[in-house]
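Peer 1:
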Amino acid sequence: MPSVSMTVNGRQVSGEVEGRTLLVEFLRGPLGLTGTHVGCDTSQCGACVVHVNGQDVKSCTMLALEADGAEVRTIEGMANPDGSLGVVQQAFQDNHGLQCGYCTPGMVMTAAALLEKNPDPSEAEIRAYLEGNLCRCTGYHNIVKSIQAAAAALR
Amino acid sequence: MAKDSGIGAASKRREDVRFLSGSGKYTDDINLAGQAYACFLRSSVAHGRINAIDTAAATAMPGVVAILTAKDFEGAGGLPCGWCVTGKDGPMKEPKHPILAEGKVRHVGDPIAMVIADTKEQAQAAADAISVDIEELPAVIDMKAAIAGGPLVHEDIGTNLCYDWNFGSDKAETDAAFETAHHVTRLELTNNRLVPNAMEPRVAIGAYDRSTGEHTLYTTSQNPHVIRLLMGAFVLQIPEHKLRVVAPDVGGGFGSKIFHYAEEAACTLAAKLVNRPVKWTAERSESFVTDAHGRDHVSTIELALDAEGHFLALRTDTLANMGAYLSTFAPSVPTYLHGTLMAGNYATPLINVNVRAVFTNTVPVDAYRGAGRPEATFQLERVIDMAAREMGIDPVEIRRRNFIKPDQFPYQTPVALAYDTGNYHATMDKLVEIADIAGFAARKAESAARGKLRGLGIACYIEACGIAPSAVAGALGARAGLYESATVRVNATGSVTVLTGSHSHGQGHETTFPQVVAEMLGIDEGQVEVVHGDTGRIPFGMGTYGSRSIAVGGAALVRATEKIINKARKIAAHLMEAAEGDVEFANGTFSVKGTDKSVGWGDVCLTAYVPHNFPHETLEPGLEETAFYDPANFTFPAGAYAAEVEVDPDTGQVTLCSFAAADDFGNIINPMIVDGQVHGGIGQGVGQALLEHAVYDANGQLLSGSYMDYAMPRADDVPFYAVDHSCQTPCTHNPLGVKGCGEAGAIGTPPTIVNAVIDALADRGVKHIDMPLTPARVWAAMQG
Ligand code: FES
Ligand code: FES
Chain F
1 MPSVSMTVNG RQVSGEVEGR TLLVEFLRGP LGLTGTHVGC DTSQCGACVV HVNGQDVKSC
61 TMLALEADGA EVRTIEGMAN PDGSLGVVQQ AFQDNHGLQC GYCTPGMVMT AAALLEKNPD
121 PSEAEIRAYL EGNLCRCTGY HNIVKSIQAA AAALR
Chain G
156 MAKDSGIGAA SKRREDVRFL SGSGKYTDDI NLAGQAYACF LRSSVAHGRI NAIDTAAATA
216 MPGVVAILTA KDFEGAGGLP CGWCVTGKDG PMKEPKHPIL AEGKVRHVGD PIAMVIADTK
276 EQAQAAADAI SVDIEELPAV IDMKAAIAGG PLVHEDIGTN LCYDWNFGSD KAETDAAFET
336 AHHVTRLELT NNRLVPNAME PRVAIGAYDR STGEHTLYTT SQNPHVIRLL MGAFVLQIPE
396 HKLRVVAPDV GGGFGSKIFH YAEEAACTLA AKLVNRPVKW TAERSESFVT DAHGRDHVST
456 IELALDAEGH FLALRTDTLA NMGAYLSTFA PSVPTYLHGT LMAGNYATPL INVNVRAVFT
516 NTVPVDAYRG AGRPEATFQL ERVIDMAARE MGIDPVEIRR RNFIKPDQFP YQTPVALAYD
576 TGNYHATMDK LVEIADIAGF AARKAESAAR GKLRGLGIAC YIEACGIAPS AVAGALGARA
636 GLYESATVRV NATGSVTVLT GSHSHGQGHE TTFPQVVAEM LGIDEGQVEV VHGDTGRIPF
696 GMGTYGSRSI AVGGAALVRA TEKIINKARK IAAHLMEAAE GDVEFANGTF SVKGTDKSVG
756 WGDVCLTAYV PHNFPHETLE PGLEETAFYD PANFTFPAGA YAAEVEVDPD TGQVTLCSFA
816 AADDFGNIIN PMIVDGQVHG GIGQGVGQAL LEHAVYDANG QLLSGSYMDY AMPRADDVPF
876 YAVDHSCQTP CTHNPLGVKG CGEAGAIGTP PTIVNAVIDA LADRGVKHID MPLTPARVWA
936 AMQG
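Residue numbers (our numbering), protein chains in the order written: chain F, 1 to 155; chain G, 156 to 939.
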């Protein structure tokens, strides 16, 4: 089996994977990073979003081998160095931007990527950027509020 | 002033910390040493006879541990139905629902064989290699065809009619009122079939410990004790003390995770057969054809009115799809959760409801957020809107004219329910204010200037929550009690562990239940911890659905905490050498009336566990109490909703511009969480009204079987919602005065939006469009 190595949340990791192993499977399986979720099999729900070299990526849509040598960041890597919630995470808690929590890692990673690119997004821009992320619990109201609050806190 | 802790405070959710940092523990995050993986071979045809299953080649494939078919489950029972509805001709027809198909497959997705292998990929490959000889039979999908001599889904029961149920006022008397009415409005409508789509797919992991004979099932369930009871007693005959069911963090349920599913029993039994833990994780496309679907009613509703628009009588006739088998609570949804709701918020004197439940070659249909109440509300609020338009009465006014008046409570409806309290005029007044209905005409003109057709829709709803008084449910055919339980375990240093039979899968119980206990004990919320979801740790409880957790589970929690306070008061009296009757308890301190003697909560708790100075003659040491609470009645949240839409006349595209909800949930424990529950319900209601539809073709193939084809609401399909729950008529029969809020949005939203679209198109003569209001349907309706 081919081997793969990458940096995940600042740690160098490596492992053997099958050619068909998806990045999300590598993260959830051998690495035990189960914060990244799988909600569909057609690349449409966004529960699996992580950052690869700074880009938000659906980790169910990328082979682990494609991430060889990459910098990967997952929800487990979003906290502050002291372990407290990072700004985007905190905004989600403060604004009740999650209920069951299943879509949440993907939402947070997507929101963080948006705010990197666009520090002051309009409501419409936030809603449009979330088009690849499904949430069944919140009706999106408080997710959008959370991202607005995170944007304000980061500015 | 807003409180910052306890009942009524917008306490932040403590569970969020683990969900936001990726340390939640969902079922698929659990991996047991040595586990094997299961994959189910499922029927690709809707109806067929299984002539032969050849597993030889598949069994020889790498990694395959075992392949199980129906004969391996011969000793097991079928998946039981938890509610028996009795119709005009006696008890419902109840065909067997085997774990794996026995001789026939009855819907696309029906499991035929279970493959267990070392890896998931090996299990999938082997499942693909099984050869099944199926003789395809004609499928029956349409309900009308099913009861008009269509192919039989179950030959052994000789009919596709599960039951024919009539309910409410005398039929002849109701019909007579129609004969003499000034005006009758009649509407035929469909309540579209939905796929629940909790974002976490279902997962089951079975494990068996040979040394103790104990089975453990980890499963994505809203009610682990219900699964333990159904699966243990009826399917696998495992005594309850040898079966533990754990439902850890669960990623949304909306009803679809109430039911006992075949995969749970299969993994539990297989773990013993292969002597390894067995894990199954649904693919999303598998969820589409195995999770119980929701809604799917076809109804005719008629409303009789006098010349002033007062409702005189209502009659409805509904066909309700059961799918191919009876799911756990399916028969109760179109009957006791639907027929009983047909009075809505109105003082209609005569109501007759008829429901025929029908078997078809489709996925079983069962409770989905709202469960029967959205279907009832949709019929009622659509026919009222149509009647108002036909009679030239304002839609707000016709509702006000017919509301049950505040001084009429308690109000006995003609459809069994007795509403304890409510004030529908107040929520309507609040709605008129928050939706700025007065400003609608100007907004409509502004839209028109941009070439858009703007519409305003109004709808009200009532729901019956807090299911249920067990005796009532039992009399109506429920095969379970519907109480709830709580244990309050006070630790020696005064912190508290709450063990609840309710289950949280997004509702935030880990935050709200401590708010209740902390308020009662006068301690910090952080001192209270909640345990749920594990039959090995919690008292027997019925779980979470039907907006029952705070109304029933919260009431059990109050009762248990009251017992704690009573005992603690006795201990405090002993410590202060005072008569128990003189001891007062406030803000975490016991004191003797009229003296300066007091003793703190912590000292009393420590004394309970270090009972050196203790009234041993009259009390046992320790401080732990359990309560079971069986409600006296349902609770009746109600509200009034408004939506404004714009329709593009060229494309039929509907844009939801604004949405306002004025709800009466009685007392509120955590307003932030209540807002969130309403938002989520509205989101799902928007999905039903505008986007979602589980579509079968005539052969029983699910055409919208993935997110490529099934339109889920996304962030840019919805606006911000204006929600208000300041109108509060507390429930009169539970100790918290709470009513429940989980389903309101999903119930009230669909008719509100459809009414808005019809309002937008009224000038063009459009009277009704069935959901979902897709651009194609709206455009076609505009063409006449
Ligand atoms: S799991 Fe990756 S998009 Fe759904
Ligand atoms: S919080 Fe449950 S799916 Fe988004």
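Think of the CB as a built atom: it goes at the ideal place given N, C-alpha and C, for glycine as much as any other residue.
(1) Taking all protein chains shown into account, do 16 or more other C-beta atoms lie within 10 angstroms of the C-beta of E898(G), making it buried, or fewer, making it exposed?
(2) Which residues in chain A sit within 7 Å of P105(F), going by Cβ to Cβ distance?
(3) Does the segment 507-520 of chain G come close enough to the segment 433-449 of chain G that 3 or more CB-CB pairs lie under 8 Å?
(4) Counting only Cβ-Cβ distances shorter than 9 Å, please list the residues of the segment 108-142 of chain F near chain G, keeping chain order.
(5) Look at the Cβ atom of H493(G), then the Cβ atom of E530(G), and state whether they are nearer than 8 Å.
(6) What distance in whole Å lies between the Cβ atoms of G237(G) and A272(G), which are believed to be in contact at a cut-off of 8 Å?
(7) Can you pull every residue whose C-beta falls closer than 6 Å to some heavy atom of ligand 1, listed in chain order?
(8) Counting only Cβ pairs nearer than 8 Å, list the residues of chain G close to L65(F).
(9) DSSP on G77(F), reduced to helix/strand/coil?
(10) Please look up how many angstroms separate the CB atoms of L857(G) and F414(G), rounded, as I've assumed it's under 8 Å.
(11) Let me check understanding here. Comparing Cα to Cα, which of F595(G), C760(G), V713(G) and D737(G) lies closest to D751(G)?
(12) Please say whether I312(G) and V287(G) have beta carbons closer to each other than 8 Å?
(13) Closer than 9 Å by beta-carbon distance: list the chain F residues that pair up with I456(G), in chain order.
(14) Apply the 10 Å Cβ neighbour rule to V683(G) and answer buried if 16 or more other Cβ atoms are within range, or exposed otherwise.
(15) Measure the C-alpha to C-alpha separation of R543(G) and L469(G) and round it to an integer number of angstroms.
(16) Taking 7 Å as the cut-off, does the CB of G101(F) come closer than this to any heavy atom belonging to ligand 2?
(17) Closer than 7 Å between beta carbons: that is the criterion. Which residues of the segment 46-58 of chain F meet it against chain G?
(18) Tell me the rounded alpha-carbon separation between M78(F) and R869(G).
(19) Any heavy atom of ligand 2 within a distance shorter than 7 Å of the CB on L130(F)?
(20) If H660(G) and G831(G) are in contact, beta carbons under 8 Å, what's the gap, nearest whole angstrom?
(21) Pairs of beta-carbons, one from the segment 619-635 of chain G and one from the segment 590-604 of chain G, closer than 8 Å: are there three or more?
(22) With a threshold of 7 Å, establish whether the CB of L292(G) neighbours any heavy atom of ligand 2.
(23) Report yes or no: do the segment 327-338 of chain G and the segment 460-479 of chain G share at least 3 C-beta pairs separated by less than 8 Å?
(24) Using a 10 Å radius around the Cβ and a threshold of 16 neighbouring Cβ atoms, would you call T806(G) buried or exposed?
(25) Assuming A294(G) contacts G860(G) (C-beta within less than 8 Å), just tell me the rounded distance between them.
(26) Is the closest heavy atom of ligand 2 to the C-beta of C137(F) under 7 Å?
(27) Can you grab the Cα-Cα spacing for the pair A153(F) / T74(F), in whole Å?
(28) If P786(G) and H729(G) are in contact, beta carbons under 8 Å, what's the gap, nearest whole angstrom?
(29) What residue range is occupied by the uninterrupted alpha helix (DSSP H) comprising V342(G)?
(30) Rounded to the nearest angstrom, what separates A603(G) and I456(G) at their Cα positions?
(31) Have a look at the DSSP bridge pairing and note the partners of T371(G).
(32) By the three-class DSSP mapping on this structure, what secondary structure does F62(F) have?
(33) Please list, in chain order, all residues of the same chain as T648(G) whose beta carbon is under 8 Å from its beta carbon, the five residues on each side excluded.
(34) Among Y491(G), K299(G) and I254(G), whose alpha-carbon lies nearest the alpha-carbon of A425(G)?
(35) Count the CB pairs spanning the segment 801-820 of chain G and the segment 664-682 of chain G that are closer than 8 Å, and state whether there are at least three.
(36) If we count the other Cβ atoms within 10 Å of its Cβ and call it buried at 16 or more, is M1(F) buried or exposed?
Peer 2: On the basis of the coordinates in this document:
(1) Your numbering for residue 898(G) matches position 743 in the second sequence. Buried: at least 16 other Cβ atoms inside 10 Å.
(2) This model lacks chain A altogether, as its protein chains are F and G.
(3) Using a Cβ-Cβ distance cut-off of 8 Å, the segment 433-449 of chain G and the segment 507-520 of chain G are in contact, since at least three pairs of beta carbons, one from each stretch, lie closer than that value.
(4) For the segment 108-142 of chain F, which is checked against every Cβ of chain G, the residues closer than 9 Å are V108, E123, A124, I126, R127, A128, Y129, L130, E131, G132, N133, L134, C135, R136, C137, T138, G139, Y140, H141 and N142.
(5) Reading the second sequence from its first residue, position 338 is the one you call residue 493(G). Reading the second sequence from its first residue, position 375 is the one you call residue 530(G). Yes.
(6) Here the question's residue 272(G) lines up with position 117 in the second sequence. Here the question's residue 237(G) lines up with position 82 in the second sequence. Contact between A272(G) and G237(G) is ruled out by a C-beta separation of about 33 Å, above the 8 Å threshold.
(7) Matched residues: V38(F), G39(F), C40(F), S43(F), Q44(F), C45(F), G46(F), A47(F), C48(F), K58(F) and C60(F).
(8) What you label residue 65(F) is simply residue 65 of the first sequence in a count that begins at 1. Near L65(F) there are no residues of chain G at all, since even the closest Cβ is about 16 Å away, more than 8 Å.
(9) Residue mapping note: residue 77(F) aligns to position 77 of the first sequence, counting from 1. Residue state for G77(F) is assigned as helix, using DSSP reduced to three classes.
(10) Indexing the second sequence from 1 puts residue 857(G) at position 702. Indexing the second sequence from 1 puts residue 414(G) at position 259. Not a contact, Cβ separation roughly 18 Å.
(11) Along the second sequence, read from residue 1 onward, the residue named residue 751(G) stands at position 596. Nearest C-alpha to D751(G): D737(G).
(12) The residue labelled residue 287(G) in the question sits at position 132 within the second sequence. The residue labelled residue 312(G) in the question sits at position 157 within the second sequence. No, the Cβ-Cβ distance between V287(G) and I312(G) is not below 8 Å.
(13) The count along the second sequence starts at 1 and reaches residue 456(G) at position 301. For I456(G), there are no neighbours in chain F by C-beta distance under 9 Å, as the nearest C-beta there is about 28 Å away.
(14) Locating residue 683(G) in the second sequence gives position 528, where the first residue counts as 1. The residue in question, V683(G), is buried, as its Cβ has 16 or more Cβ neighbours within 10 Å.
(15) Translated into the one-based positions of the second sequence, residue 543(G) becomes position 388. Translated into the one-based positions of the second sequence, residue 469(G) becomes position 314. Sequence check: residue 543(G) is Ala here, not Arg. When rounded, the distance between both Cα atoms is 15 Å.
(16) The residue you call residue 101(F) lines up with position 101 of the first sequence. Yes, ligand 2 has a heavy atom inside 7 Å of this Cβ.
(17) Residues of the segment 46-58 of chain F that bring their beta carbon within less than 7 Å of a beta carbon in chain G comprise A47, in sequence order.
(18) Mapped onto the first sequence, residue 78(F) falls at position 78. Mapped onto the second sequence, residue 869(G) falls at position 714. One C-alpha to the other measures close to 25 Å.
(19) For this step, residue 130(F) is matched to residue 130 along the first sequence. False, no ligand heavy atom lies under 7 Å from that Cβ.
(20) Sequence index remark: in the second sequence, residue 660(G) carries index 505 (1-based). Sequence index remark: in the second sequence, residue 831(G) carries index 676 (1-based). H660(G) to G831(G), Cβ: 14 Å. No contact.
(21) With a cut-off of 8 Å, the segment 590-604 of chain G and the segment 619-635 of chain G do not count as touching, because too few Cβ pairs lie within range.
(22) Locating residue 292(G) in the second sequence gives position 137, where the first residue counts as 1. No, Cβ of L292(G) sits at least 7 Å from all heavy atoms of ligand 2.
(23) Counting Cβ pairs under 8 Å, three or more are found: they touch.
(24) On the second sequence, residue 806(G) is found 651 positions in, with the first residue counted as 1. Classification for T806(G): exposed.
(25) Here residue 294(G) refers to the residue found at position 139 when the second sequence is read from its first residue. Here residue 860(G) refers to the residue found at position 705 when the second sequence is read from its first residue. Actually they are not in contact, since the Cβ atoms of A294(G) and G860(G) sit about 16 Å apart, beyond 8 Å.
(26) Locating residue 137(F) in the first sequence gives position 137, counting from the first residue. True, at least one ligand heavy atom lies under 7 Å from that Cβ.
(27) In the first sequence, counting from the first residue as 1, residue 153(F) sits at position 153. In the first sequence, counting from the first residue as 1, residue 74(F) sits at position 74. Approximately 21 Å, taken between the alpha carbons.
(28) Residue numbering aside, residue 786(G) sits at position 631 when the second sequence is read from its first letter. Residue numbering aside, residue 729(G) sits at position 574 when the second sequence is read from its first letter. Cβ atoms of P786(G) and H729(G) stay farther apart than 8 Å, at about 35 Å.
(29) The count along the second sequence starts at 1 and reaches residue 342(G) at position 187. The amino acid occupying residue 342(G) in the given sequence is Leu; Val does not appear at that position. Under the DSSP assignment, L342(G) falls outside any alpha helix (DSSP H), being part of the beta strand (DSSP E) whose first and last residues are H338 to N346.
(30) For the purposes of this step, residue 603(G) is identified with residue 448 of the second sequence, where counting begins at 1. For the purposes of this step, residue 456(G) is identified with residue 301 of the second sequence, where counting begins at 1. Those two C-alpha atoms are separated by around 33 Å.
(31) Locating residue 371(G) in the second sequence gives position 216, where the first residue counts as 1. Note: T371(G) sits in a beta bridge opposite A362(G) and R399(G).
(32) Position 62 of the first sequence, counting from 1, holds the residue named residue 62(F). For clarity, residue 62(F) is Met in the given sequence; the question names Phe instead. DSSP places M62(F) outside both helix and strand once states are collapsed to three, so it counts as coil.
(33) For the purposes of this step, residue 648(G) is taken as the residue at position 493 of the second sequence. So the qualifying residues of the chain are G757, C760 and L761.
(34) The residue you call residue 425(G) lines up with position 270 of the second sequence. Answer by Cα proximity: I254(G).
(35) Contact fails: fewer than three Cβ-Cβ distances are below 8 Å.
(36) Stepping through the first sequence from its first residue, residue 1(F) is reached at position 1. The residue in question, M1(F), is exposed, as its Cβ has fewer than 16 Cβ neighbours within 10 Å.
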